[in-house]
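First comes the structure, then the notes that go with it.
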Amino acid sequence: MEKLRNFINGEYIAPKTGEYIDNFEPATGKVYSLIPNSGKDDVNLAVKAAEGAFPIWSKMSNDDRCKILTRLAEGIEKRIELFTKAESRDNGKPLSLAANVDIPRAVSNFKFFATAILHYASESHNMEGVGVNYTLRKPLGIVGCISPWNLPLYLFSWKIAPALAAGNCVIAKPSEVTPYTAYLLGEVIKESGMPPGVLNILHGEGQTVGDAIVKHPKVKAISFTGGTQTGKYIAQTAAPMFKKLSLELGGKNPNIIFADCDWKEMMSTTLRSSFANQGQICLCGSRIFIERSIYDKFKKEFVERVEKTVVSYPEDPKAKLGAVVSKAHMEKILSYVELAKEEGGVILTGGRREILEEPYRDGYYVRPTVIENLPFNCRTNQEEIFGPVVTLTPFDTEEEVLQMANSTEYGLSATLWTSNLKRAHRMANELEAGIIWINAWLVRDLRTPFGGVKASGVGREGGWEALRFFTEPKNVFIKY
Ligand code: NDP
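Following this line, the structure appears as structure tokens:
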């Protein structure tokens, strides 16, 4: 069985612990590789390598860093098929999704920040007759980047690209559940000409190696994407050490549909925003609010179309949904369906595991599920399920839907369907979320601020926000 290795100081190496963890293929439910169960000693080794590399990397010109990061992007592009297959196999997502979204976006992340750094300028503040301030933006030093399993290379690269572009050295940890594409990146890093020690990739469990990264005194900042509970723990650990923190956490996003929307576009986008990546995108709209006058019409067409949705093994070109990421996650999703029933919910379609034929019999497939008849404030409508499960709730007024939409502890994104421009502006202003899409979903411009409010996180990623996070401002004043 293939054994993955850590990537430290420009080399693939076995974990100091000598221990490995099973890596499952969600499509079949079988173990297909082993990943390092790294520990503190591996983190120490990576930090040492990063310390050695920092003076070289941070002093390199932006132009040279840009060239290296561009070569990294091109290295992935050159191996696009390898990365696509690996992502789909490791995560269970349809191959077509990995090919059209995950891997191209990872390439774009590197290209975007490779060039963004060339345009990044700091500020100056003139004081008439007194003097002038200018602000230097220095890299932080060694930073930790910890990413989740739902969009593995996509979110991994979304963090490490700005960190590296800004001149930091990185200790990165992908999710233990989906380590493979981050593992493959080692080869590309070597080829890119990046000095050894600049980017170190450690594998293993969050609670051991992830925790050791967060606690290491030489790691100056943590950029974390994952669950809200984990984020809370990381904040508690890192805050007393005065580390900079960027936390991108969970969501329970509303999708609000008014009767005056463009029906066709709304319907096809809502199918995607509900179930893309098996509903395992932090931006999925899992609470669908529908204006009462179109509720029955919406329910009928939506449920009919969901019933026709093909759930299949990732390589099946017909698959719209693949497998969810793990057995434990599948069980969590199905337990929420049971909870919904206890809370009085009516399952309109789905609500069960899908068993495919061999060799996929033990894979983790869940039918896309639509539930109605639940109060907006019940647990099913308040807690993040992070699977292919949505609820339908009718509403009568703008005021009422705003109250329901804003009722959760989360505030990541919200989607709004209406052709009334004034209403769209009014509601965008009132919705408690960091990202609002009007008559669209998941349209991303990498320059825009990305992140949530309330329990969905602290800080913003994307564009200048990311470069500001990964640099420390230093103000210099000169007297006239
Ligand atoms: P987790 O919080 O379980 O894990 C995220 C990462 O943190 C993993 O690499 C994990 O490692 C690691 N980790 C776990 N415990 C610790 C710890 N104590 N110290 C340091 N690192 C730790 O999230 P999931 O992987 O389950 O991802 C799903 C969650 O991510 C959902 O809540 C989703 O909403 C959120 N998410 C948010 C996004 C956003 O931009 N706001 C985008 C995408 C997802 P390991 O896997 O090895 O345990």
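Under this note's numbering, think of the first position of the sequence shown as 62, with each following residue one higher. The beta carbon of each residue, even a glycine, is placed where N, CA and C say it ideally should be. Note that the coordinates shown come from a computational prediction; the quantities given were computed from them, not determined experimentally.
| Check | Outcome |
| --- | --- |
| Given 8 Å as the limit, is there contact between the segment 217-227 and the segment 72-83, that is, 3 or more CB pairs closer than that? | no |
| For Tyr195, name the three-state secondary structure that DSSP assigns. | strand |
| Taking only runs of the alpha helix (DSSP H) that begin and end inside the segment 396-452, which ones reach a length of at least 4 residues, in chain order? | 440-443 |
| Within the present structure, is the beta-carbon of Gly287 separated from the nearest heavy atom of the ligand NDP by less than 8 Å? | yes |
| Which of helix, strand or coil does DSSP assign to Met255? | coil |
| Name the DSSP bridge partner or partners of Gly205? | Ile232, Ile283 |
| Please state if the CB of Asn314 and the CB of Ala494 are separated by a distance shorter than 9 Å. | yes |
| Using the C-alpha atoms, what's the distance from Lys91 back to Phe303? | 42 Å |
| Distance, Cα to Cα, Lys325 vs Gly512? | 29 Å |
| Pull up the CB-CB distance for Asp151 and Thr239, whole angstroms please, since I reckon it's below 8 Å. | 5 Å |
| Can you tell me whether Lys381 is buried or exposed? The criterion is at least 16 other CB atoms within 10 Å of its CB, across all chains shown. | buried |
| Would you report the Cα separation of Glu622 and Pro97, rounded to the nearest angstrom? | For residue 622 there is no data in the structure shown, the boundaries of the chain being 62 and 541. |
| For Glu252, which option in Ala167, Glu135, Met465, Glu418 has the closest C-alpha, if you only look at C-alpha atoms? | Glu135 |
| Kindly confirm or deny that the segment 358-378 and the segment 425-438 touch, where touching means at least three C-beta pairs closer than 8 Å. | yes |
| Using alpha carbons as the reference points, say which of Gly523, Phe538, Phe68, Asn70 lies closest to Glu309. | Gly523 |
| For Pro375, which of helix, strand or coil comes out of DSSP? | coil |
| Please confirm whether any heavy atom of the ligand NDP lies closer than 8 Å to the CB of Val275. | yes |
| What three-state label does DSSP hand His264 in the structure shown? | coil |
| Express the C-alpha separation of Cys206 and Ile283 in angstroms, rounding to a whole number. | 6 Å |
| In whole angstroms, what separates the C-alpha of Leu463 from that of Leu507? | 28 Å |
| Using the beta-carbon count (16 or more within 10 Å), is His264 buried or exposed? | buried |
| Alpha carbon to alpha carbon, what distance is there between Phe115 and Ile499? | 43 Å |
| Return yes when the C-beta of Asn211 is under 8 Å from any heavy atom of the ligand NDP, and no when it is not. | yes |
| Pick helix, strand or coil for Arg66, following the three-state DSSP scheme. | coil |
| Assign Leu65 to buried or exposed, taking buried as 16 or more other Cβ atoms, counted over all protein chains shown, within 10 Å of its Cβ. | buried |
| Between which two residues does the beta strand (DSSP E) carrying Ile141 extend? | Counting along the chain, Ile141 falls outside any beta strand (DSSP E), though it belongs to the alpha helix (DSSP H) covering 141-152. |
| Do Val238 and the ligand NDP come close, with the Cβ less than 8 Å from some heavy atom? | yes |
| For Lys154, tell me which candidate among Thr441, Cys322, Gly520, Thr89 has the shortest Cα-Cα distance. | Thr89 |
| Using the Cα positions of Ile446 and Thr430, report the straight-line distance between them to the nearest angstrom. | 12 Å |
| DSSP on Ile137, reduced to helix/strand/coil? | helix |
| Alpha carbon to alpha carbon, how far is Ala147 from Arg422? | 20 Å |
| Thinking C-beta only, is Ile69 closer than 9 Å to Leu106? | yes |
| Which whole-angstrom value describes the C-beta separation of Arg348 and Thr479, a residue pair presumed to lie in contact below a C-beta threshold of 8 Å? | No, Arg348 and Thr479 are not in contact; Cβ-Cβ is about 17 Å, not under 8 Å. |
| Can you give the Cα-Cα distance for Ile164 and Thr410, rounded to whole angstroms? | 32 Å |
| Please give the ranges of any beta strand (DSSP E) in the segment 480-537, keeping only runs that are unbroken, at least 3 residues long and fully inside the region. | 496-499 |
| Just to confirm before moving on: does the CB-CB distance between Phe336 and Val364 stay below 9 Å? | no |
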